[in-house]
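J.:
Protein chains: 2
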Amino acid sequence: MANPEDTAGAADARLVGSDRVLALLIELARRPEGASLDDLAVALNSAKSTVHRALGSLTRSGLATRESLGRYAVGDEFLRLAFEYQESRPEAARVMPALRQLAERFGEIAHYAVLEGGDVVYRAKVDPAAGSIRLTSYIGGRNPARATAMGKAILAHHLSTTAEAVQWAADHPVEQRTPHTLTSDAEWAADLARVRERGFAVDDQENEPGINCIAVRVVTPSGEGAVSVSALAYRTPLSTLIDCVDEVRAVAASII
Amino acid sequence: MANPEDTAGAADARLVGSDRVLALLIELARRPEGASLDDLAVALNSAKSTVHRALGSLTRSGLATRESLGRYAVGDEFLRLAFEYQESRPEAARVMPALRQLAERFGEIAHYAVLEGGDVVYRAKVDPAAGSIRLTSYIGGRNPARATAMGKAILAHHLSTTAEAVQWAADHPVEQRTPHTLTSDAEWAADLARVRERGFAVDDQENEPGINCIAVRVVTPSGEGAVSVSALAYRTPLSTLIDCVDEVRAVAASII
DNA sequence: GAAGTCAATTCCGATAAACGGAACAAGATG
DNA sequence: CATCTTGTTCCGTTTATCGGAATTGACTTC
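Taken in order, these protein sequences are the chains called A and B. Each residue of the first sequence is one higher than the one before, starting from 11 at the first, in my numbering. Each residue of the second sequence is one higher than the one before, starting from 11 at the first, in my numbering.
(1) How would you label G209/B, buried or exposed, when you count the other beta carbons within 10 angstroms and need 16 or more for buried?
(2) On the three-state DSSP scale, how would you describe E15/A?
(3) Hey, which unbroken runs of the alpha helix (DSSP H) at 4 residues or more fall wholly within the region 39 to 76 of chain B?
(4) Using a Cβ-Cβ cutoff of 7 Å, what residues of the region 92 to 110 of chain A are near chain B? List them in chain order.
(5) List, from N- to C-terminal side, the alpha helix (DSSP H) runs of 4 residues or more that fit wholly inside the region 189 to 243 of chain B.
(6) Can you give me the C-alpha to C-alpha distance between G235/A and G161/A, rounded to a whole angstrom?
(7) Span of the beta strand (DSSP E) holding V293/A?
(8) Quick one: what's got a C-beta closer than 7 Å to L89/A's C-beta in the same chain, skipping five residues either side?
(9) Are the CB atoms of V31/A and L91/A within a distance shorter than 9 Å?
(10) Grab the span of the beta strand (DSSP E) containing R187/A for me, first residue to last.
(11) I need the DSSP call for A140/A, collapsed to helix, strand or coil.
(12) Which residues does DSSP list as the beta-bridge partners of R152/A?
(13) Could you name the residues of the same chain whose beta carbon sits closer than 6 Å to that of L112/B, not counting the 5 residues immediately before and after it, in chain order?
(14) For a test of the three-state rule: what should DSSP assign to A166/B, helix, strand or coil?
(15) Compute the beta-carbon to beta-carbon distance between S71/A and E87/A, rounded to the nearest angstrom, for a pair I have assumed lies under 8 Å.
(16) Alpha carbon to alpha carbon, what distance is there between G150/A and L145/B?
(17) Going by DSSP, what residues sit across from Y122/B in a beta bridge?
(18) Along chain A, which residues have their Cβ under 8 Å away from the Cβ of I265/B?
(19) Between which residues of its own chain and A180/B is the CB-CB distance below 6 Å, once the five residues before and five after are set aside?
(20) At 7 Å on the CB atoms, spell out the chain B contacts of E114/A, in chain order.
(21) If you draw a straight line from the C-alpha of E207/B to the C-alpha of D201/B, how long is it?
(22) Whose C-alpha, out of E118/A, V84/A and A33/A, is nearest the C-alpha of I224/A?
(23) Assuming the contact rule is C-beta atoms closer than 8 Å, I265/B and V105/B should be a hit. Round their C-beta distance to whole Å, please.
(24) Which of the residues in the region 79 to 91 of chain B, read from start to end, lie with their CB under 7 Å from any CB of chain A?
(25) Report the residue from R110/B, R115/B, R41/B and G128/B whose alpha carbon sits nearest the alpha carbon of G85/B.
(26) When you compare only the Cα positions, how much space is there between R110/A and T158/B?
(27) Is there a Cβ of chain A sitting closer than 9 Å to that of M11/B, yes or no?
(28) Do you know offhand how far L65/B's Cα is from E37/A's?
(29) By the DSSP assignment, the alpha helix (DSSP H) with A157/B in it spans what residues?
(30) Note the first and the last residue of the continuous alpha helix (DSSP H) segment covering R110/B.
(31) With distances taken Cα to Cα, identify the nearest neighbour of A134/A among H168/A, Q96/A, T75/A and T246/A.
(32) For the beta strand (DSSP E) that V255/A lies in, which residues bound it at each end?
(33) In whole angstroms, what is the alpha-carbon distance linking A12/B and N55/B?
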């Protein structure tokens, strides 16, 4: 991949000790096909022997493994920890049945997310059975709250006046992700008012081209969040989702 | 300074540097509820200040986060890395559609696993829509190959004679996990012969009480593995699964 | 709002562990 | 058999880590 690293941004800064081991773990997780020791040494800008020692630590704890000569990869233990953690979360267990119903009913992807700062963080997800097209959303992933139905569904309950909504928008600028993204603070605040009025939020290809979404806010004992159905615009137009909002609401209400 | 604690059990004697940071990450992942700094310091048998520094490393890379005062937890980034990695694996993408079909058809859990040493390692999984009862299987998790249908389905193709099967069994002893576990090497080898003959393997509550399972071997460009349907015995008796083996085979054959 | 409690953070000198360049071994390749 | 790639070990120097204790901060209670 000719992709200059974005997140790590550490290609320059001198990593030491534990930070390097963690950077190595993250680097490994970015490579589903695995990588050789030299590749990793280059990526981390460190000596081979250092990376070798770091790989030793990771291997010892099961977080990394050597699949074959020249192919180090993330270990089973890493995945086990993450998946067990996820399935042990009470909130995930609570919303999964509802998400399964939604995914099956619409044949599209259902999500559960919470608000964190200016982003929504996905906490659970169900792909439809027929789903062949892959959406680039992952559990633990983020999207700007402003440009998503889930974000708006949650925020509408906290920003009760236009002034507050405009202020929040000003504090959380958003990039023009698609031609439909509402970058104007005033327009966005107006959209939020409609959300408050109708009791649900939509995202008309504001976050990703060709993808629209409907969401309603839910409150669980673990806190507040939102459930949504994200659909391919050409297959399930937004109007279809809106027509069925009562079904979505009913399923969401079934979350304890 | 004789430090007379080589505490028994999980926490090893003396963790240093990176190993401690990784141990901390693993400890955090074991606690969906989160933990305070002091709790973690006790669990790792290290000084608070040391754990504090380690938490700093983890937080900096997004693998840990402080949810509130006294509650450190695994960070979103940890989950994102694991889930993105999993969904990027070609083999997972290949088998998921088949697993979804199986889970929907039987209303039970469908798995894909590969053989690693004497264990099967789960690589993909689909829960049924109606699924309320939680099976304790996680992606990245393991079970003894001897006591599982998937393990037997794979091994039957590699141990072509009774002698080989007995030898393999002797090399990989298994504990009596349930009353049905075949701990006798000879009996197990006989069972394996039946697998070879019929072209599919079953697990009649050998691994977990009340759970039976049917599995067939599959070969993909990424290697060999097995797909299975695991069912609650009282809901879907083994005979039902066996009656439908042709369906299972057909779905498995659809995996490219 | 002051006292009390629990959690997090900072300080610091001694010690031990990490660093990395380079040489060496082991597998693959043809 | 020659050659490449990948992985592993060695070792002197340096620098980060360790942990006990004291300090600050956060939240609760009276």
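Glycine included, C-beta positions come from ideal geometry on N, C-alpha and C.
T.: If we stick to the structure as given:
(1) Locating residue 209/B in the second sequence gives position 199, where the first residue counts as 1. With fewer than 16 other Cβ atoms within 10 Å, it is exposed.
(2) Taking the first sequence and counting its residues from 1, one reaches residue 15/A at position 5. Low confidence applies here, because E15/A scores a pLDDT of 32, under 50, leaving its location unreliable and the question unanswered by this model.
(3) Inside the region 39 to 76 of chain B, DSSP marks whole alpha helix (DSSP H) runs of 4 or more residues at positions 47 to 54 and 58 to 70, from first to last along the chain.
(4) Answer set for the region 92 to 110 of chain A: A92, F93, E94, Y95, Q96, E97, S98, R99 and R110.
(5) When DSSP assignments are scanned along the region 189 to 243 of chain B, the uninterrupted stretches of alpha helix (DSSP H) that are 4 or more residues long and fall wholly within it turn out to be 195 to 208.
(6) Numbered from 1 along the first sequence, position 225 holds the residue referred to as residue 235/A. Numbered from 1 along the first sequence, position 151 holds the residue referred to as residue 161/A. Answer to the nearest angstrom: the Cα atoms are 9 Å apart.
(7) With chain A represented from 11 up to 266, any question about residue 293/A goes unanswered, as that position is not in the structure.
(8) For the purposes of this step, residue 89/A is taken as residue 79 along the first sequence, with counting starting at 1. No residues qualify anywhere along the chain.
(9) Your numbering for residue 91/A matches position 81 in the first sequence. Your numbering for residue 31/A matches position 21 in the first sequence. Pairing L91/A with V31/A gives a Cβ-Cβ distance that is not under 9 Å.
(10) As a first step, residue 187/A is located in the first sequence; it is residue number 177 there, counting from the start. According to the DSSP assignment, R187/A belongs to no beta strand (DSSP E), since it is labelled neither H nor E.
(11) Taking the first residue of the first sequence as position 1, residue 140/A is located at position 130. A140/A falls in the coil class under three-state DSSP.
(12) Within the first sequence, numbered from 1, the residue matching residue 152/A stands at position 142. In DSSP, R152/A forms a bridge with V131/A.
(13) Translated into positions along the second sequence, residue 112/B becomes position 102. Result list for L112/B: A120, V239 and V261, in chain order.
(14) Walking along the second sequence from the start, residue 166/B turns up at place 156. In the structure shown, A166/B adopts coil according to DSSP, grouped into three states.
(15) In the first sequence, counting from the first residue as 1, residue 71/A sits at position 61. In the first sequence, counting from the first residue as 1, residue 87/A sits at position 77. With 8 Å as the limit, S71/A and E87/A qualify as a contact, their Cβ atoms being about 7 Å apart.
(16) Residue 145/B sits at position 135 when you count from the first residue of the second sequence. Residue 150/A sits at position 140 when you count from the first residue of the first sequence. When rounded, the distance between both Cα atoms is 23 Å.
(17) The count along the second sequence starts at 1 and reaches residue 122/B at position 112. For Y122/B, which the question treats as bridged, DSSP gives the partners A134/B and V237/B.
(18) Position 255 of the second sequence, counting from 1, holds the residue named residue 265/B. Under the 8 Å cutoff, chain A gives no residues; its nearest Cβ is about 14 Å from I265/B.
(19) By one-based count along the second sequence, residue 180/B stands at place 170. Here the set comprises D195.
(20) The count along the first sequence starts at 1 and reaches residue 114/A at position 104. Residues of chain B passing the Cβ test: A139.
(21) Walking along the second sequence from the start, residue 207/B turns up at place 197. Walking along the second sequence from the start, residue 201/B turns up at place 191. Computed Cα separation, rounded: 10 Å.
(22) The residue given as residue 224/A occupies position 214 in the first sequence. Selected option, being the one with the closest Cα: E118/A.
(23) Counting from one through the second sequence, the residue named residue 265/B turns up at place 255. Counting from one through the second sequence, the residue named residue 105/B turns up at place 95. Contact check for I265/B and V105/B: beta-carbon distance about 6 Å, within the 8 Å limit, so the pair qualifies.
(24) Against chain A - using a Cβ distance shorter than 7 Å - the residues of the region 79 to 91 of chain B are V84, D86, E87, F88, L89, R90 and L91.
(25) Residue mapping note: residue 85/B aligns to position 75 of the second sequence, counting from 1. The residue with the shortest Cα to Cα distance from G85/B is R41/B.
(26) As a position in the first sequence, residue 110/A is number 100, starting the count at 1. As a position in the second sequence, residue 158/B is number 148, starting the count at 1. Taken atom to atom, the span from the alpha-carbon of R110/A to that of T158/B is near 28 Å.
(27) The count along the second sequence starts at 1 and reaches residue 11/B at position 1. Its pLDDT being 29, under 50, M11/B is placed unreliably in this model, and the coordinates cannot settle the point.
(28) In the second sequence, the residue the question calls residue 65/B occupies position 55. In the first sequence, the residue the question calls residue 37/A occupies position 27. In a straight line, the C-alpha of L65/B is about 19 Å away from that of E37/A.
(29) One-based indexing of the second sequence puts residue 157/B at position 147. Careful: A157/B lies outside any alpha helix (DSSP H) and carries neither H nor E.
(30) Numbered from its first residue, the second sequence carries residue 110/B at position 100. Per DSSP, the continuous alpha helix (DSSP H) segment holding R110/B begins and ends at P100 to F116.
(31) For the purposes of this step, residue 134/A is taken as residue 124 along the first sequence, with counting starting at 1. Q96/A is the residue among H168/A, Q96/A, T75/A and T246/A whose C-alpha sits nearest the C-alpha of A134/A.
(32) Counted from its first residue, the first sequence places residue 255/A at position 245. Where V255/A is concerned, there is no enclosing beta strand (DSSP E), although the alpha helix (DSSP H) it sits in stretches over V255 to A263.
(33) Counted from its first residue, the second sequence places residue 12/B at position 2. Counted from its first residue, the second sequence places residue 55/B at position 45. Here A12/B scores only 30 on pLDDT, less than 50, and its place in the model should not be relied on; the value that follows carries that caveat. For A12/B and N55/B, the gap between their C-alpha atoms comes out near 15 Å.
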